[in-house]
Structures are given as C-alpha cells and as structure tokens.
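Only one structure is covered here, and it is reproduced in the block below.
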Amino acid sequence: MRATSPWALGVAGRPVSTPEEVDALVTDQEASGYPCPLSAHIRISHLSINPSGVYIIGRHTRLASFCTPTQSLACPQSTMLGQAFVGALLAAALATAAPGPAAADPCAAVAGQTFADPATVIACQKSFPFNETLRQNVMTVVSNVFNFYTFEEYYLKSPPPFQESTVNINQTLKKLSTEKFATDYDFNLALYNFTTQLNDGHTRWFPSCYNAYQNLLPAPIVILEENGEQGVYIIPDLADFLPLVGDAYISFLENKGFDWKRLAGAKVSKINDIDPFDYIDHIATTVSGNYLDHGIRVNSVLSSYRIVSNAYSQRFGDLAGPSIVTQTSLRMTLQTVNSTKTETVDIPFVASFAGVAFTDKASYWENNCAANSATNGVDLRAQGNVNGPLQTESGPRRIRGASFDLTAKKDVALPGPFVPVLPTTGGSEGVIKSYVLPGNKTGVMFVGSFSPDDFDGFQTDTKNAIDDILASGADQLIIDLTNNGGGFVCLGLFLHNYLAGANFGYPGFQSINRANALAQRILGNDIKLNTTDNLSFYTADNWAFPQNNTEEPASHNYMKPPVTITVNGAKETNSERFFDVCTPYSVDLPEAPPFDFKKIAIVGNANCASTCALFSSVLYERHGVKFGIFGGKPGESIQIKGMAGNQVLEWADLDTEIKTAELGNSPLIPPDLLVDGNMRVNWRSAYAWSDLSTPIAYVDEPAQLRFAYTKDTWNNPQNLWSFAESQFFS
12 MRATSPWALG VAGRPVSTPE EVDALVTDQE ASGYPCPLSA HIRISHLSIN PSGVYIIGRH
72 TRLASFCTPT QSLACPQSTM LGQAFVGALL AAALATAAPG PAAADPCAAV AGQTFADPAT
132 VIACQKSFPF NETLRQNVMT VVSNVFNFYT FEEYYLKSPP PFQESTVNIN QTLKKLSTEK
192 FATDYDFNLA LYNFTTQLND GHTRWFPSCY NAYQNLLPAP IVILEENGEQ GVYIIPDLAD
252 FLPLVGDAYI SFLENKGFDW KRLAGAKVSK INDIDPFDYI DHIATTVSGN YLDHGIRVNS
312 VLSSYRIVSN AYSQRFGDLA GPSIVTQTSL RMTLQTVNST KTETVDIPFV ASFAGVAFTD
372 KASYWENNCA ANSATNGVDL RAQGNVNGPL QTESGPRRIR GASFDLTAKK DVALPGPFVP
432 VLPTTGGSEG VIKSYVLPGN KTGVMFVGSF SPDDFDGFQT DTKNAIDDIL ASGADQLIID
492 LTNNGGGFVC LGLFLHNYLA GANFGYPGFQ SINRANALAQ RILGNDIKLN TTDNLSFYTA
552 DNWAFPQNNT EEPASHNYMK PPVTITVNGA KETNSERFFD VCTPYSVDLP EAPPFDFKKI
612 AIVGNANCAS TCALFSSVLY ERHGVKFGIF GGKPGESIQI KGMAGNQVLE WADLDTEIKT
672 AELGNSPLIP PDLLVDGNMR VNWRSAYAWS DLSTPIAYVD EPAQLRFAYT KDTWNNPQNL
732 WSFAESQFFS
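According to this note's numbering, the sequence shown is numbered sequentially starting from 12.
Right under this line is the structure:
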C-alpha cells in the first residue's frame, strides 16, 4: 500500500481524514481507559511520525477490533475493522510516501536487478527509518517466544566445550528493547546477530525485509592439506562453479572489471589483514550460527557439497555467502596458482536478490517487509480443520527438526566434474543418493536431508537402496551426512530403526518441552476442547509414555504438575518426559539389522543439524558406530553432530497453537507481527541415553577420526567415499 493523503479511513463508523483527527481519537481512546480487553483489541499508547509526516499508531497487543470511546466491554467482534485501520496506517507510514522529484528513491536504483551492488542495496534497506512501534512489536513477540525456549537457562553458563555460547538472554532482550538505532535495518541486524550468535539454528530471528538479499563473494574458501601442511585456499573449482550462479552474475563481475578466474586455487595468507585461520574463526563466531560447537561452525564458513532439491549442489560457505548484506568487499592477500608473487586483492561482494519483486521503496516494503497472510498463525478450528488430519501443501502435518537455510533459496549446482559417476542404486531419485563402490564390498548412502518431497518415498528409497547394496554382495556401509540440515523427526527415527531391525525397540530419545504459564494454558484448553494431534503439536496423543512406549491419550495433561529443575542456578519448569510416536511406517522393517554396526561408518563435515544430529547421536550412543569428520581447523576439536534440538516451531506454528487453543483475551498472548519475519524456537529437547540428565545438545561427542580435505577429496564425494573405505574397512 502506498501512502495517500488525505486518508479516507473509517474507524468504528467514525471517519478519520487528518492527523489531527487521529490525535483526537487517540486522546479519547486513552481517556476511556481502554475498555476493551487489550489482548484482543488495539491499544493505542502513542503516535509516532516518520520523516514523511505520516502518523502511525503506536503500541498495540493484538490486531482485532477497534473500540471507540463510547463503547464499553461490548466491543465489536469483527476483526477486519482494526486490521484495516492499523494496516492502512502502518503500511502508509512504514512504506513512507513516494519521494518527491528532488529525492531519489534508493530502492528504485536496484529494482528489477537479480544482482546488485551491495552498497546500493544497503542504501535501500537503510532508507526505512527506525520505528519504535515496530521495535516494540517485534521485541514483544521475540521475548514471548523465548519463554518456550528449552535451552534458555543453559546459556547462562554453557558447559565445556560450548562455552562460547554463553549469554544472558533476558538481559540482552531488554537491551535490544531500549537501545537507540538509526534505522529499521540497524535494529533488525542487531536482533538477527544476537539470535545467530546463540549458535542454535532452531532459535533465530529472520527478518524477511533484510534477508531478501544474499551477499555472494566470487572467492569462496576452503582449508586443504597439501604436502602435509594445511592452508586456506580459494576454491580450486572456481572457474567451473561461478558460471553456474548465472550469466548475469558473471556479467556483473565483468562489468566491474574484476578478473575472478585467475583466483581459482590461490593460496590465501591474509584476510582483511589478519591470519586467514583467525578470520575464519571470526566468521564462525559472528556470522555462521546454527551449531553450538565452534569447530563445526568453522566448516560452515567453508565451501562444500550438499543435496538441494534432490540434486548435488555446492555451498558458497558463510564467508562468501552470508544471508544478510553488510559488506561491500573483502581484502585477501594471496598467491595465485603458478605464481611466486604475493598480492593483495579487494574482492567485491555481489548482492543476490531472492525476495519478492518490487519497483520502488514503497513496493519493496509492501512486498518484502510488511506482514502478510503467512506471517502469523491462524485458528485451525476457524479454518475448518477440526475433523481429520490437517493437510498442508506437502501433506499431513508432521513434526520437524531442521535448520532454516536461506542460502538454499538460490541453489548453485555442484560442477559436473565432481558429481559421482558410479551407477546409482534404486531409491536414488530423492534426497538419498546410493551407490556401491568398486569391488562390491562397500555401499554408500549419501543422506542429504530428512526433508524429502515425499515422506513415504524416503522410506521406500531406504529399503530399495539397502536391498540393492546387499544384492551386490556388499556387507559394509558408509553413510554420508555432509550438510544434512535435518527435517522430519520420524524419518530420522525410521532410518535408525531400519538399520537396527524390527526387534530393537524404541529408536529415539526421551523428550520434554517447557511448561511455562502460556504453554500450560494451551495444553489445558486443548484438553477442554477435545483437541487431538490433527490440530495441535501440544496434545498428548503426539507422544508415548516412556514406561511402556504406548501412545498417550489426548486427554492426558503431561504438564500437570510441571517438573521443576535447576539449571545454572535458575529454576525451569518442564513437562513430563515422553517418546515420539512414528509407527506404523510405510515399509516393513527387516527383522535383523541388514549390516553389522561394526561395518557401518558415518562420514561428513559435521554440518549435520537437528534430526540429522539426533540420528548421529543415537548411532553413536546405542551402537558405537564409527565417525570420520572431514575438514575443520587444524588443532581445533570438532563434534560429530551439529544442532541437536528435538523439534522446532516457526513463529507461525507457535502462533497457530496459541490461536487454535482459543484462550480468549489472556494477557499472556503475544501480538501478531506487524512485519514479515520468523522467530523460530527450539520447542522440544531430547535427552542423551548416556546421561539422562543432559540434553543431547550439550553432550560432548568429539569425532573419533579426523581427516583433512585434500584436492582429491574436497568437493568430490566419490573420491571421499573411496578414501573413507580405505580408512575404515581395510
């Protein structure tokens, strides 16, 4: 919506056409003592004025209906009135009026461009002034979401070797709620950086407005061993990789006169004038996020292979592909291949657009920043989903644990020379790619994700792959988990169960979620409303009793009474413990394990998140499976798995739980977001079998075997698997 003046808005039958009339309305509303329940209606506390002179409503707690001063508790029930009023005012103010002839529109300068100069993009994004109303709205939502965070108290003093992830979350939230910021960009960047540096990819703030661009450096890096010494290099496959980004990207670099091709394979001696390993540590500490373990984040800084959209892909890495634009260039001191000369090169970043098309500043805000129909949750009862399982675009509602990878929006393929040339087995059309290595002794399953397009198809693919591997005569198995971002919790449990056989028993872990006051209200009201797992993740029929692994009835209140524990001197209230319910599977399990666990090895770069981390831990704890982790910084430890939460809820998911519980006007209810963003949260934790008092995320599980990447094994899955076979099974 573009700003218009004068306004033509009708509020509860009363027209408002000037800022003065809005002032009068606010004064009347304040004098009335807010007769409407504040959680259900707009609360006006102040007006703010932006540089364009457009008034906007100040703090409110929930968009619903608007009450005039003459109305008492019998407020109008329509939600459209208040939404239209505040929506019109906010859209007008926050998009700001179209610039006059004397003022250039900073966003028009980058509109329609797939690739743009980062400085111009930052100018566009910084053109939106800081707005106290938006800050308080976002911080109210974020603070409320943290009440559901299962690891909050652990951050007061994170145990070794995760000490780097230590922060007082509540104090930081209070600071962000009062600190002065020049622009909306600066505020969101501060909140984004804070949640990123928690190093838990399940719990992060993603502002769509400023994640609409990814910054791409035409010089991704990797750590390689050559002649027994490890060093930092620009990726050797640069000449094959960058053209796959697109002709427009290459043209952009050429138009800047930047000769990128000559940098392929260059050895780097400094980055931004410091030792390259120190700079990698800096990026791992400040930019990477996602993983508690610093060593794993080092690998995230680097370029590597992965599976995206069922095909081989290559990551830029966090140094060369951050998901928010803050830099315009990066200085490297390097020596190019076949040269004896050391030189310093300023390498330009290129901002890559992955948002919704726009033409100017107003449409940029409207299309990429303002809240939309998918930003907040819904009352599923009002959506007609009371009977039968809730259907989404991808099928029934299922429990997920996965990282939120913005870099996968614009995927870049793995260059052809590095894609395995071995024949695939059956079941290799999706996120699993399976092979038999030469000699027919060892099979390989590259499990690229637990988020397939087809939930049941993943199970069929597993069966077909293992059947074909066994039919070849192979009795050894390598499982590659490189850059597996996790996914459906039950698919991780299924894969473990298939490898362990039907007689193994429960294949997962004990879990809990937090029993804060609002969570207890949600579960209690769900029980009163006879809600079941077709509408809610809270209801007990999602879970099983740990004592006998039988499904809990939906009427069971597993938060009553709550279980109180002390973590770092702070009291925390949680639910009872429970198991996941994943059976029946869509394929039959083998009676006995198809492979001896002593003949299974897991390899990867430890960028293995969520469901992948749980899968890794259960094979490590319950079966003693060997792990070989590639990469990392020499002399620095690395864990076998990354983010090991148990279930993530996106903000819209959590808000849907709240609204579907129909709690009325409870003051515990957070507001709707006024901007498009996602404050996801680790809503559930799993506990280690090796120590039932400790969440898996905080169990120290270092890699048993470490291997440096070489020019032969880096980015070349087939060569890496052959090398791993020689190390594990010879």
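For each residue, glycine too, the CB sits at the ideal point set by N, CA and C.
query, result
"Does the contact criterion of 3 or more C-beta pairs under 8 Å hold for the region 369-383 versus the region 265-278?", "no"
"Is D607 buried or exposed, if buried means 16 or more other CB atoms sit within 10 Å of its CB?", "exposed"
"F327 and Y709 - do their beta-carbons sit closer together than 8 Å?", "no"
"So L625 packs on G503, CB below 8 Å; how close in whole Å?", "5 Å"
"Taking all protein chains shown into account, decide if R695 is buried (16 or more other Cβ within 10 angstroms of its Cβ) or exposed.", "buried"
"Quick one: what does DSSP say W216 is sitting in, helix, strand or coil?", "strand"
"For N204 and P333, I'd like the C-alpha separation in whole angstroms.", "12 Å"
"Residues in the same chain with beta-carbon distance under 8 Å from K452, minus the five sequence neighbours each way, listed in chain order, please.", "G484, A485, D486, Q487, E736 and F740"
"Note down, in chain order, each residue of its chain lying with its Cβ closer than 8 Å to the Cβ of R804, except the 5 sequence neighbours on either side.", "Outside the shown range of the chain, which is 12 to 741, sits residue 804, and nothing can be said about it."
"Kindly confirm or deny that the region 112-130 and the region 154-172 touch, where touching means at least three C-beta pairs closer than 8 Å.", "no"
"Tell me whether A612 is buried or exposed, calling it buried when 16 or more other Cβ atoms sit within 10 Å of its Cβ.", "buried"
"Identify whether D357 lies in helix, strand or coil by the three-state DSSP scheme.", "strand"
"Going along the chain, which residues of its own chain have a beta-carbon closer than 6 Å to the beta-carbon of D478, five neighbours each way excluded?", "none"
"Spatial neighbours of F379 within its chain, please: CB distance less than 8 Å, with the 5 preceding and 5 following residues excluded, ordered by chain position.", "According to the sequence shown, residue 379 is Asn rather than Phe. Contacts found: S219, C220, A223, G366, V367, F369 and D687."
"Is the beta carbon of E236 sitting closer than 8 Å to the one on Y720?", "yes"
"Are I649 and D329 touching if we call contact CB-CB under 8 Å?", "no"
"When the Cα of R215 is compared with those of Q738, C593 and V692, which residue comes out closest?", "V692"
"By alpha-carbon positions, which one of G257, V312 and T194 ends up nearest to Y244?", "V312"
"Between the Cα of R273 and those of V356, A201 and L200, spot the shortest distance and give me the residue it belongs to.", "V356"
"Residue ranges of each alpha helix (DSSP H) run of no fewer than 4 residues wholly in the region 326-398, ordered along the chain?", "372-379"
"Skipping 5 residues on each side, what residues in its chain have a beta carbon closer than 6 Å to that of E175?", "H305"
"In or out: I285 buried (at least 16 other Cβ within 10 Å) or exposed?", "exposed"
"Once you ignore the five residues that flank D537 on each side, which residues in its own chain have a CB closer than 6 Å to its CB?", "S547, Y549, T550 and A672"
"If you measure between the beta carbons of F364 and A555, is that distance less than 8 Å?", "no"
"Compute the distance between the beta-carbons of F638 and L540, then report whether it is under 8 Å.", "no"
"So, with DSSP's three-state summary, where would you put R633?", "helix"
"Since M690 is in the beta strand (DSSP E), which residue starts that stretch and which ends it?", "G688 to M690"
"Just to confirm before moving on: does the CB-CB distance between P317 and G459 stay below 8 Å?", "First, the amino acid is wrong: residue 317 is Arg here, not Pro. Going by C-beta atoms, R317 is nearer than 8 Å to G459."
"Starting from A530, trace the alpha helix (DSSP H) both ways and give me its first and last residue.", "A528 to K539"
"Straight-line CA distance for M91 to R392?", "At M91, the pLDDT of 35 sits below 50, so the modelled position is not reliable and the matter cannot be decided from this model."
"Would you kindly check if the distance between the Cβ of P604 and the Cβ of G512 is under 8 Å?", "yes"
"Can you name, in chain order, every residue of its own chain whose Cβ lies under 7 Å from the Cβ of L187, other than the five neighbours on each side?", "M150, A201, L202 and F205"
"On the premise that G300 lies in contact with L492, defined as a C-beta separation below 8 Å, what is that separation, rounded to the nearest angstrom?", "With 8 Å as the limit, L492 and G300 do not qualify as a contact, their Cβ atoms being about 19 Å apart."
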